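Contents: one structure, followed by commentary.
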Amino acid sequence: MSAMVLHSTGAPLVLEQRPLPAPGAGEIRVRIEACAVCRTDLHVVDGELPEGKLPVVPGHEIVGRVDALGPGVEGPAAGTRVGVPWLGHTCGHCPYCAQDRENLCDAPEFTGFTRDGGFATHVIADAAYAFPLDGFDDPIAAAPLMCAGLIGWRSLKMAGDGKRIGLYGFGAAAHLLAQVLQWQGREVYAFTRAGDTGAQALALRLGAAWAGASEEPPPVLLDAAIIFAPVGALVPTALRAVRKGGRVVCGGIHMSDIPSFPYSILWEERQIVSVANLTRADATEFLALAPKAGVRAETAVYPLTRANEALDDLRHGRFQGAAVLVP
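So this is what it looks like as structure tokens:
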């Protein structure tokens with residue numbers, strides 16, 4: 001098998017040829033058809049997340065076909081198309097797992113971070129954390145759903161049922177979530193880097209009521225705002241944009257420091273909350289909803305061997321939507 005491997009943080013990934021791995025008990029081997037490139041992959045490569053393993057194969061938005069079953073695995077059957085997400089395994093017995101909050105598990109494993117991921121031709125996955133993708137006929141379009149879609153969905157659930165939703169950072173997650181919000185009959189307000197007319201045009205094409213720079217105030221107060229950009233300074237900005245009782249959701253796994261801000265913009269029962277990882281229930285909900293809502297990812301496709309280029313293009317905002325690697 002071929003894999004793009006991170007040996008030290010801050011260094012480019014290295015193309016390696018490895019023996020084809022055999023799945024262990026409870027595991028499956030997946031022949032990868034596509035793996036999207038997530039901003040979390042940048043955080044892994046840059047060493048901004050603690051306690052990962054090295055060397056590691058990044059990538060956690062994986063779509064492929066099951067081609068081998070480990071001992072004790074009854075399904076998904078060989079040949080089934082599955083998605084493999086960021087949450088790769090949980091302990092099942094800590095207090096959080098016992099409360100159906102496996103996203104907060106005390107002993108989790110994460111695909112592409114603590115176990116090898118999808119920047120490769122094959123990956124080993126825990127069968128219980130791989131999701132059948134019946135009806136998803138395009139693996140390239142489906143790959144971004146496995147994190148950008150799932151984290152967007154969990155972020156929206158945290159944001160609540162408000163009508164006017166602001167999305168700060170209109171990249172992979174936001175452009176998928178905007179389609180869900182349109183289907184639900186809600187209003188989208190898209191915030192981008194100053195001068196990013198491409199992202200603003202994409203937002204408007206997807207039905208946003210307004211699109212502008214993150215520093216601009218929206219034309220109306222928002223019921224909630226979701227921050228996907230890893231920029232802590234956007235937290236007070238978003239607080240100023242939401243109404244009394246509104247909520248600001250931080251949807252990323254990593255963010256720069258949040259600057260101090262006056263209590264007055266938090267007062268009147270505004271809230272700041274964070275989203276951590278995902279649960280399998282989130283995936284079940286979103287993967288059932290996405291086809292009904294007509295969610296379709298905008299993608300920029302790269303061969304596996306150009307993973308470093310895809311990461312750099314993501315870092316500098318050189319494409320709209322999501323980058324996807326194909327072996």
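Going by UniProt numbering, the letters in the sequence shown line up with residues 1 to 327, in that order. Backbone N, C-alpha and C fix where the C-beta goes; we use that ideal spot for every residue, glycine too. The structure presented is a predicted model; accordingly, all values stated were derived computationally and were not measured.
Host beta strand (DSSP E) of residue i (start-end)
i	result
P303	299–303
L222	222–227
C35	27–37
G149	Counting along the chain, G149 falls outside any beta strand (DSSP E), though it belongs to the alpha helix (DSSP H) covering 148–159.
Residues bridged to residue i (per DSSP)
i	result
M4	L15
G166	Y189, A225
I62	C35, V84
D116	DSSP output for D116 lists no bridge partner at all.
L69	I28
I124	R29
A211	A190
T9	Answer is none; T9 lacks a bridge partner.
E51	Paired residue(s): none; E51 is not in a bridge.
H89	E109
P21	Its beta-bridge partners do not exist; DSSP assigns none.
residue 367	Outside the displayed range of the chain (1 to 327) lies residue 367, so it cannot be described from this structure.
Any non-hydrogen atom of the ligand SAH within 8 angstroms of residue i CB
i	result
E61	You won't find the ligand SAH in this model; it holds no ligand whatsoever.
Proximity winner among the options, relative to residue i (alpha-carbon distances)
i	options	result
G212	L221, A224, A190	A190
W86	A68, T111, C97	T111
I222	Q271, T121, Q320	The sequence given here places Leu at residue 222; Ile does not occur at that position. Among Q271, T121, Q320, the Cα nearest to that of L222 belongs to Q271.
E268	G92, Y168, R240	R240
P23	V37, P58, M1, L69	L69
A172	R39, G88, I140	R39
A281	R81, R65, C97, P50	C97
F319	R186, I28, V37, F136	V37
D116	A290, A3, E215, A174	A3
A125	D161, R164, G26	G26
L204	H316, H175, A11, A224	H175
L104	A310, N308, R306, N277	N277
R315	G169, A78, A77	G169
R31	D67, I151, A11	D67
D257	E16, R29, E48	E48
M255	V235, P262, G246	V235
L304	T9, S8, L13, V242	L13
R154	I253, C94, I140	I253
A178	G317, G75, A297, A141	A297
R65	P71, D134, V45	D134
M1	P21, H7, T9	P21
Segment limits, alpha helix (DSSP H) that includes residue i
i	result
A172	172–184
P139	139–142
G198	197–205
R240	234–241
A98	95–98
Distance between beta carbons of residue j and residue i, contact taken as under 8 angstroms
i	j	result
H89	P108	7 angstroms
V73	A127	5 angstroms
G52	T114	6 angstroms
P50	V82	Going by Cβ atoms, the distance from P50 to V82 rounds to 29 angstroms, so no, they are not a contact pair.
Any chain D beta carbon closer than 9 angstroms to residue i
i	result
H175	Here there is only one protein chain, and chain D is not present.
(request) Jot down the residue ranges of each uninterrupted beta strand (DSSP E) in the region 244–327, minimum 3 residues, whole runs only, in chain order. (result) 271–274, 299–303, 322–326
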